[in-house]
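Novice: Residue numbers (this note's numbering): 124 to 260. The beta carbon of each residue, even a glycine, is placed where N, CA and C say it ideally should be. Since the structure is predicted, the reported quantities are computational estimates derived from the model, not experimental observations.
Structure (structure tokens):
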């Protein structure tokens, strides 16, 4: 389930970059044919290239590298205590870094110690094991 959620994110990132690339080709074709209606539209391809580069470096490339780890099933492992962490709707903040998980992985009232297996580049949690109560109890 969590691996499928990760792969869906990878496919969505690839689809977004592909759509932006198609838009870039359309805008460049307009520039080459001198069919722009506004002077600012000549700069639109530059903006699209910047957006494609940013999304590729922050979303697609790290997910693609983590896909290799997902196929090999080589994950990073960490033990966490949910009582001491900040928990968002679909993320945990551990040592000022966000770790992402699929909806339904942790219940809203979850407590205790957990072992998490996650991908190193995007820090997406693939597997969670409950280790019991917190150390302080």
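Determine the closest residue to residue 182 out of 170, 238, 136, with distance taken between C-alpha atoms.
Specialist: If we check each option's Cα against that of residue 182, 136 comes out closest.
Novice: Kindly indicate which three-state DSSP category residue 208 falls into: helix, strand or coil?
Specialist: If DSSP states are grouped into helix, strand and coil, residue 208 belongs with coil.
Novice: How would you call residue 228, buried or exposed, if buried means at least 16 neighbouring beta carbons within 10 angstroms?
Specialist: So residue 228 counts as buried.
Novice: Between the beta-carbon of residue 204 and the beta-carbon of residue 246, is there less than 8 Å?
Specialist: Not in contact: residue 204 and residue 246 (Cβ atoms no closer than 8 Å).
Novice: What are the boundary residues of the beta strand (DSSP E) that includes residue 252?
Specialist: Its beta strand (DSSP E) spans residues 248-255.
Novice: Only counting the same chain, and skipping five residues up and downstream in sequence, which positions put a Cβ closer than 7 Å to that of residue 179?
Specialist: Excluding residues within five positions, the ones whose Cβ falls inside 7 Å are 140.
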